[in-house]
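Enquirer: Going by my numbering, the letters in the sequence shown line up with residues -7 to 128, in that order.
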Amino acid sequence: MSEVIVLDTHICLWLINGNFDRFPEHWLEKFELAESLGVSPISCYEIALANQRGRLELSYPLQEWIQQALTVAKIDIFSITPEIAIRAVNLSPIHKDPFDRIIMATALAYGAKLASIDNLFSKYVEIKDHLMERGK
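See below:
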């Protein structure tokens, strides 16, 4: 059965850059078989911010890099809807990072699995069933 998968920003970057050893090995097959593999637009913002702050070096200009990287990796961009914004605000107050909250809310709104190794995500009761398992 194929599924929809939302990638956290770090997973997206590792996938694009071929750093497959940075996330569970069995995830790669799930990514390849997914009906839809995507990111929130907020991940593009995080990538742009990291690039601007000198924490992420890109091989070409930002806009071109994002466009090409997502296209080559077959990663979709899921819209941020009013439902996602409201869900993000209403998540448990475990941590305040609005980017992470939007990514989690995106997975909830799309009924998707969420690929992240952020340990804080597992503390959110709301998304426990959406988190991809790290073990096989």
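Ideal Cβ positions, reconstructed from N, Cα and C, are used throughout, including at glycine. Treat the numbers as computed from the prediction; the structure is a model and nothing was measured.
Under 8 Å between the Cβ atoms of Ser108 and Asp0?
Expert: Locating residue 108 in the sequence shown gives position 116, where the first residue counts as 1. Locating residue 0 in the sequence shown gives position 8, where the first residue counts as 1. It is a contact, given that the beta carbons lie within the stated cut-off.
Enquirer: In the DSSP assignment, the alpha helix (DSSP H) including Ile3 goes from what residue to what residue?
Expert: Mapped onto the sequence shown, residue 3 falls at position 11. Taken as a continuous stretch (DSSP letters only), the alpha helix (DSSP H) holding Ile3 covers Thr1 to Ile8.
Enquirer: Would you list the one or two residues that DSSP bridges to Ala107?
Expert: By one-based count along the sequence shown, residue 107 stands at place 115. BP columns for Ala107 point to Leu(-1).
Enquirer: For Ala99, which residues of its own chain have a beta-carbon under 6 Å away from its beta-carbon, when the five flanking residues on both sides are left out?
Expert: The residue labelled residue 99 in the question sits at position 107 within the sequence shown. Only Val(-2), Leu106 and His122 meet the Cβ criterion.
Enquirer: Could you give the uninterrupted runs of the alpha helix (DSSP H) lying entirely in the stretch 49 to 87, keeping only those of 4 residues or more?
Expert: 54 to 64 and 74 to 82
Enquirer: For Ile58 versus Ile76, is the C-beta distance shorter than 8 Å?
Expert: Numbered from its first residue, the sequence shown carries residue 58 at position 66. Numbered from its first residue, the sequence shown carries residue 76 at position 84. Their beta carbons are not under 8 Å apart, which means Ile58 does not touch Ile76 by this criterion.
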